[in-house]
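Some notes on the structure that comes next.
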Amino acid sequence: MAKKKKRSKRQLEKKVKRFREHQKGKKRERDLAGRFEEDSLGDLETTKERIGSRKSRSDTRKEVIELTAARFEEFGVVAVSGEEDVESNGRVLEILGPVSRVEVGEDILECGLHMELRAIQSADKNFLVVGERICVRKTPEGETEGVIVAVFRRDSRLSRRSSRRSHIERVIAANVDQMCVVGSVAEPSLRPALIDRFLVAASVGNLEPVIVINKIDLVDEEGLALAREILSPYYVIKYPMLFVSALARRNLDGLRGVLAGKTTIFSGHSGVGKSALVNALDPRYKLETREVSEASGKGKHMTSRAKLLPLRFGGYVVDTPGIRSFSLWEVEKQDLALYYPEMKNLASECRYGGCTHTHEPGCAVKDAVDDGRVSYLRYDNYLKILESIEETPPA
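Whatever position you read off the sequence shown (first residue = 1), add 63 for the working numbering.
And the structure:
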């Protein structure tokens, strides 16, 4: 098996090397309708007592968790402020420090959190993120300002492990239907291992995945064929995949069809053209973009924070900051294979329960890699991710 692995790895490396060499010298020219039910506010005195009292951060957090759990169960509401004159439902488009830009019907309001909800946010930094469904009360000061007085339960979320403190979750966006994992055929080159990380994160967060490969204008037919060959394992396991060009406006109608009527988050490596795709899909937006560094071949961060953007043809897209690494949250080593569809069904055939599919004898997954039923590319990505997963310390 070791010889077959080495041969498969060499073949894969040759394909990738051939693909990258093919791109050398090819540079782009610079040129919540409805009213909030009164009975869903519940016993507000309890809220005031528990959240309003001055307690230690840990005590506050514990009681917040107890309170929000009760709200989830009974009303589908994370938290309420106690205000009874809730005007309308809305959605958080962007968070700018203490103020959020919120869509309420056809209006965009600048809203702060009600005092009682600020107490929750101080205990939980993930309390309010882009995409939240909320209830807003307009302030007397003007038609463009309001106060967030209730936050609804999330249907889904995309999270990652904090880069600074590995035991902390960072929620990127909430209430998203699907994830477009954006890559590029060149500038920067394909990174299948990062694509796999996003596919796992999408599955964990209950998001439908779509793979979008941008910048096909930078390659000729041979280069595009090489890219398709490298990514062929994703076709086999039926991940939807689109090849597009934001700059040349190629195949964008197909992407619009995927996005219409849904909330989609664009995730991917820095420089793959997520913001450029948004600009091309909806010309109202002029999001800042920048070419990949010629010196390093790496993308540069242009989007500094997540933004939920309504699309003219229906639906929303979340534009996120580009990243160069993505640490998974809520994925344990023994569960990683469950997020690989081609491995999940084979795990029950392994000789030993709890098989990690790395070194154990009688492993059905390793046998499937040997005979080609599981691609070496995907298996190699699995091993890299498995090695990088950190054990989450107890709370």
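Note that CB positions come from ideal geometry on N, CA and C, so glycine has one too.
For alanine 410, same chain residues with a beta-carbon under 6 Å away, outside a window of 5 residues either side, are Ala400 in chain order. When the five nearest sequence neighbours on each side are left out, the beta carbons in the same chain lying within less than 6 Å of the beta carbon of tryptophan 392 are those of Ser222, Arg223, Arg224, Glu232, in order along the chain. DSSP places proline 404 inside the alpha helix (DSSP H), whose first and last residues are 404-407.
Annotation for isoleucine 300: no alpha helix (DSSP H) segment contains it, and DSSP assigns it neither H nor E.
For valine 167, same chain residues with a beta-carbon under 6 Å away, outside a window of 5 residues either side, are Ser151, Gly153, Val199 in chain order. Between the C-alpha atoms of valine 263 and tyrosine 402 there is a straight-line separation of about 6 Å. In the structure shown, isoleucine 211 falls within a strand segment according to DSSP collapsed to helix, strand and coil. Of the candidates Gly324, Ala311, Val307, the residue whose Cα lies closest to the Cα of leucine 318 is Val307. Rounded to whole angstroms, the Cβ separation of threonine 383 and isoleucine 235 is 6 Å, and the two are in contact under 8 Å. The three-state reading of DSSP puts serine 330 in strand, counting E and B together.
As a beta-bridge residue in DSSP terms, tyrosine 379 pairs with Thr326, Pro373. Where asparagine 444 is concerned, there is no enclosing beta strand (DSSP E), although the alpha helix (DSSP H) around it starts and stops at 439-451.
In this model, histidine 230 and isoleucine 452 are separated by some 12 Å (Cα to Cα).
With respect to arginine 254, aspartate 280 sits apart: the two C-beta atoms are not nearer than 8 Å. Within its own chain, the residues whose Cβ lies closer than 7 Å to the Cβ of leucine 257, once the five positions on either side in sequence are excluded, are His332, Phe389, listed in chain order. One thing to note: proline 296 has its Cβ within 8 Å of the Cβ of serine 438.
Taking the Cα positions, asparagine 277 is about 25 Å away from arginine 220.
By the neighbour-count definition (other C-beta atoms within 10 Å, threshold 16), glutamate 195 is a buried residue. About 14 Å separates the CB atoms of cysteine 174 and valine 192; that is not less than 8 Å, and the two are not in contact. According to the DSSP assignment, lysine 201 belongs to the beta strand (DSSP E) that extends over 196-201. As computed with DSSP, phenylalanine 306 is found in a beta bridge with Ile276. Collapsing the DSSP output to three states places serine 338 in a helix. Of all alpha-carbon atoms in Gly435, Ala431, Ile328, the one lying nearest the alpha-carbon of leucine 156 is that of Ile328. The C-alpha of proline 373 lies about 28 Å from the C-alpha of glutamate 250. When C-alpha distances from leucine 180 are compared across Val165, Ile211, Glu169, the shortest belongs to Ile211. DSSP places isoleucine 231 in the coil class of the three-state scheme, outside both helix and strand. Taking the CA atoms as reference points, tyrosine 415 sits about 11 Å from histidine 422. Relative to the Cα of leucine 371, the nearest Cα in the group Val394, Ala311, Leu287, Val341 belongs to Val341. The Cβ atoms of alanine 290 and valine 299 lie no closer than 8 Å to each other. Scanning its chain for C-beta atoms nearer than 6 Å, with the 5 sequence neighbours on each side dropped, one finds around tyrosine 348 the residues Val341, Asn342, in chain order. Collapsing the DSSP output to three states places glutamate 157 in a strand. Distance from the Cα of tyrosine 442 is smallest, within the candidate group Lys407, Glu412, Gly425, Asp345, for Lys407. Residue Arg436 holds the alpha-carbon nearest to the alpha-carbon of glutamate 405 among Leu344, Arg436, Asp430.
Less than 8 Å divides the Cβ of valine 273 from the Cβ of cysteine 243. Nearest neighbour of proline 303 by Cα position, chosen from Leu294, Asn269, Leu310, turns out to be Leu294.
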